[in-house]
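Encoded as structure tokens, the structure appears first; notes follow it.
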Amino acid sequence: MKIDVRELRELVNEHITALTKEHETLNDAMTATTTFTTETQEFFKGKTADASRAYLQEAYLPVQQKTLEVNELMTKTLDAYIADAEAQFGANGIVDIPAIEMEYRRNLNQLTDQERQEYQELNNLIQEANEFISFPTINLSLLEELQHDALAEINKIHMKLEDFDTKWNAEFNKVETLQTELDRMLTQVNNNKITPTSYQAGTIKFMNGDQQTLYDKLPPEFKDAITSGFATIEDFQATDDGFIICTVPIGTDAYADWYTYSITDDKGNTVFGLCKMRSDESHGGLGISVSFVQLDKSELSLIFSKQKTGNDFDADTESSIYEALYKSDAELNPTLVNYFYNPTSKASYLIADLYVNKIIETKVVDNKLSYPKMGSTFETDFTPYQVSVLESLGVYQNGEIIIADKNNLSENEYRALLMTFSGNPSIYSFAAEVQTHAWGVATAGNYKNWTQYMEEHEVSNFPVPEPLKGLVSKAVDSVYASGIKSDSGVGESGENPVLNFAMDKAFGEEDSYFTNIQREIHKKEVENAHGW
Numbered sequence: 001m002k003i004d005v006r007e008l009r010e011l012v013n014e015h016i017t018a019l020t021k022e023h024e025t026l027n028d029a030m031t032a033t034t035t036f037t038t039e040t041q042e043f044f045k046g047k048t049a050d051a052s053r054a055y056l057q058e059a060y061l062p063v064q065q066k067t068l069e070v071n072e073l074m075t076k077t078l079d080a081y082i083a084d085a086e087a088q089f090g091a092n093g094i095v096d097i098p099a100i101e102m103e104y105r106r107n108l109n110q111l112t113d114q115e116r117q118e119y120q121e122l123n124n125l126i127q128e129a130n131e132f133i134s135f136p137t138i139n140l141s142l143l144e145e146l147q148h149d150a151l152a153e154i155n156k157i158h159m160k161l162e163d164f165d166t167k168w169n170a171e172f173n174k175v176e177t178l179q180t181e182l183d184r185m186l187t188q189v190n191n192n193k194i195t196p197t198s199y200q201a202g203t204i205k206f207m208n209g210d211q212q213t214l215y216d217k218l219p220p221e222f223k224d225a226i227t228s229g230f231a232t233i234e235d236f237q238a239t240d241d242g243f244i245i246c247t248v249p250i251g252t253d254a255y256a257d258w259y260t261y262s263i264t265d266d267k268g269n270t271v272f273g274l275c276k277m278r279s280d281e282s283h284g285g286l287g288i289s290v291s292f293v294q295l296d297k298s299e300l301s302l303i304f305s306k307q308k309t310g311n312d313f314d315a316d317t318e319s320s321i322y323e324a325l326y327k328s329d330a331e332l333n334p335t336l337v338n339y340f341y342n343p344t345s346k347a348s349y350l351i352a353d354l355y356v357n358k359i360i361e362t363k364v365v366d367n368k369l370s371y372p373k374m375g376s377t378f379e380t381d382f383t384p385y386q387v388s389v390l391e392s393l394g395v396y397q398n399g400e401i402i403i404a405d406k407n408n409l410s411e412n413e414y415r416a417l418l419m420t421f422s423g424n425p426s427i428y429s430f431a432a433e434v435q436t437h438a439w440g441v442a443t444a445g446n447y448k449n450w451t452q453y454m455e456e457h458e459v460s461n462f463p464v465p466e467p468l469k470g471l472v473s474k475a476v477d478s479v480y481a482s483g484i485k486s487d488s489g490v491g492e493s494g495e496n497p498v499l500n501f502a503m504d505k506a507f508g509e510e511d512s513y514f515t516n517i518q519r520e521i522h523k524k525e526v527e528n529a530h531g532w
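Under UniProt numbering, the first residue of the sequence shown is numbered 1, with each subsequent residue one higher.
So, in structure tokens, the structure goes:
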């Protein structure tokens with residue numbers, strides 16, 4: 001590690017001179033871009049003109065601005081860098097740690113070795129003289145202290161240079177981060193393969209750092225959806241355990257509430273599925289459905305490239321989209337099932353958040369929510385338990401749920417909204433329901449009865465009613481498996497009192513078995529995310 005401040009200053013000055021010229025050129029170019037987009041509107045008209053101006057404003061000008069930002073930060077950093085070097089090491093300072101260590105140590109060791117030999121010989125003479133006259137011996141520790149201090153000084157210089165290097169590496173990394181952002185912007189523009197004259201306003205939306213990180217995690221199919229204009233990066237949400245969802249629906253009408261999601265396993269394999277989040281009953285039942293059927297990527301490609309919509313697969317009984325929505329005996333994908341079967345999975349919490357946000361955007365008017373089902377009320381559709389929970393939350397008045405601040409929901413407001421549309425008294429209950437359905441799918445048909453499953457998996461503290469213990473596997477399946485997907489909605493439980501009791505004890509109440517497990521695992525993260 002070395003530094004030559006004089007040579008460094010010359011190099012820095014060369015770079016600053018070049019950056020200054022670049023800065024002037026960039027300013028001129030940006031002025032020209034702005035002038036064209038603002039002053040040509042009167043005499044340059046038509047689709048080509050509008051496309052060109054939109055391209056310059058949305059693609060070209062942001063790239064120029066980012067380039068200018070890199071230029072200015074680099075200039076500022078170089079100025080501060082050379083000033084700090086001169087302050088610490090002098091205007092003409094030269095520090096070469098390897099050379100210092102080698103030469104200094106060699107000379108010092110040579111000197112101290114000679115002196116140590118001479119002092120040792122002198123002490124031998126003193127010892128001989130002490131037989132006749134008492135003389136004090138020479139203390140070698142002073143010599144050793146001198147050597148120690150000299151080596152400490154070398155280390156001090158070394159550490160000073162290392163600290164300087166570490167500090168400025170961090171500062172120049174900030175410039176590199178900006179440069180990386182610029183490179184990504186250029187790549188994004190080039191990947192769109194759109195000419196200025198054919199550009200459509202809004203096609204290119206540049207990403208910030210967090211969005212770029214998310215984009216890097218997207219599977220190729222989702223990236224293609226962005227390239228084609230089907231979605232933007234703002235339409236994707238992800239957890240940190242491999243789940244990503246696109247919030248652009250796959251179609252219209254009944255398909256306007258179905259969204260694609262992906263699960264990427266530890267080996268990097270990605271599987272796609274469908275998720276319903278419906279807040280309006282005009283095209284079907286309210287609530288959330290999570291399908292465990294794998295989607296065909298070729299079908300998704302047609303949708304993401306805008307060649308087809310989900311509606312086009314409505315009559316195609318062989319398509320994976322049809323099977324995911326309608327076919328009760330469709331083959332389920334183990335990657336999807338196992339992910340939602342795992343109690344630590346986080347997707348259900350993201351889905352619940354997206355659903356509650358959709359409810360707020362589409363159903364909450366003047367900070368009030370009326371019951372969304374025509375001809376029904378909370379009291380007529382809710383179970384006695386659900387009614388008691390709703391009344392206990394303190395947000396239910398005169399047949400309406402009252403929201404204080406739509407942008408900052410309290411936990412009780414959130415619970416009331418979620419329960420109104422999904423039937424779940426809390427976010428933990430919803431996650432528990434999805435987990436329960438996945439559990440049922442994963443275990444269906446493998447055990448003669450419930451008791452055998454409980455014994456083999458050492459499941460304890462789950463209150464199984466006596467009539468249920470003797471059920472054969474088909475009945476157990478009906479408790480835990482809902483066919484091809486997990487359905488959460490008011491009134492979804494059915495009319496069998498024994499099965500309803502089992503579902504309530506699994507996930508339907510706040511002290512249910514799986515609800516408690518979900519709360520124990522996720523409570524801290526959920527509360528931190530929502531500020532509860």
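Where is the CB? At the ideal position from N, CA and C, for every residue including glycine.
Is the CB-CB distance between residue i and residue j below 9 Å?
i           : j      : result
Leu286      : Lys406 : no
Gly242      : Thr203 : no
Ser512      : Lys523 : no
residue 533 : Glu331 : Beyond the ends of the chain as shown, which are 1 and 532, falls residue 533; an answer cannot be given.
Gly508      : Pro425 : yes
Thr247      : Leu417 : no
Leu409      : Ile360 : yes
Leu73       : Lys174 : yes
Leu70       : Gln212 : According to the sequence as given, residue 70 is Val; it is not Leu. The answer is no: Cβ separation not under 9 Å.
Thr227      : Asn191 : yes
Val5        : Asn92  : yes
Leu56       : Phe43  : no
Ala404      : Asn357 : no
Ala54       : Tyr199 : yes
Pull up the CB-CB distance for residue i and residue j, whole angstroms please, since I reckon it's below 8 Å.
i      : j      : result
Leu19  : Thr75  : 5 Å
Ser345 : Tyr339 : 5 Å
Ile244 : Tyr259 : Contact doesn't hold; Cβ gap of about 11 Å is too wide.
Asn342 : Phe292 : Asn342 to Phe292, Cβ: 13 Å. No contact.
Ala238 : Leu214 : 6 Å
Phe272 : Leu300 : 6 Å
Asp422 : Ile288 : Note that residue 422 corresponds to Ser in the displayed sequence, not to Asp. Right, their Cβ atoms sit about 6 Å apart.
Phe304 : Asp224 : 5 Å
Val389 : Glu379 : With a Cβ gap of about 13 Å, Val389 and Glu379 do not count as contacting.
Gln435 : Phe313 : That belief does not hold up - the Cβ atoms of Gln435 and Phe313 are roughly 29 Å apart, past 8 Å.
What are the boundary residues of the alpha helix (DSSP H) that includes residue i?
i      : result
Gly209 : 209 to 217
Met419 : 411 to 422
Thr227 : 220 to 228
Ser52  : 47 to 55
Thr309 : It is not in any alpha helix (DSSP H) - Thr309 carries neither H nor E in the DSSP assignment.
Thr67  : 61 to 89
Thr515 : 513 to 530
Ser348 : 347 to 362
Would you call residue i buried or exposed, if buried means 16 or more other Cβ atoms sit within 10 Å of its Cβ?
i           : result
Val365      : exposed
Arg278      : buried
Gly46       : exposed
Gln41       : exposed
Glu10       : exposed
Ser460      : No answer about Ser460 holds up, because its pLDDT of 48 lies below 50 and its placement is not dependable.
Phe89       : buried
Gly268      : exposed
residue 611 : Examination of residue 611 is not possible in this model, given that the chain is present from 1 through 532 alone.
Glu520      : exposed
Asp240      : exposed
Asp257      : buried
Glu14       : exposed
Pro463      : Reliability of the predicted coordinates at Pro463 is poor, the pLDDT of 49 falling under 50, and the value obtained from them is presented with this limitation in mind. The residue in question, Pro463, is exposed, as its Cβ has fewer than 16 Cβ neighbours within 10 Å.
Ser376      : exposed
Tyr385      : exposed
Ala129      : In this prediction, Ala129 has a pLDDT of 48, which is less than 50 and means its spatial position is unreliable; nothing more can be read from the coordinates.
Thr197      : exposed
Met419      : buried
Ala431      : buried
Answer with yes or no whether the minimum CB distance from residue i to chain B is below 9 Å.
i      : result
Ala170 : Among the protein chains of the structure shown there is no chain B, as only one such chain exists.
Which two residues bound the contiguous beta strand (DSSP E) that contains residue i?
i      : result
Glu400 : 400 to 402
Ser289 : 287 to 291
Ile245 : 243 to 246
Leu274 : 270 to 278
Ala238 : 236 to 238
Ser370 : 368 to 370
- the segment 166 to 183 contacting the segment 16 to 31, beta-carbon criterion three pairs below 8 Å: no
key: Three CB pairs or more closer than 8 Å across the segment 178 to 191 and the segment 55 to 67   = yes
Can we say the segment 320 to 339 touches the segment 204 to 222, given the rule of at least three CB pairs closer than 8 Å?
no
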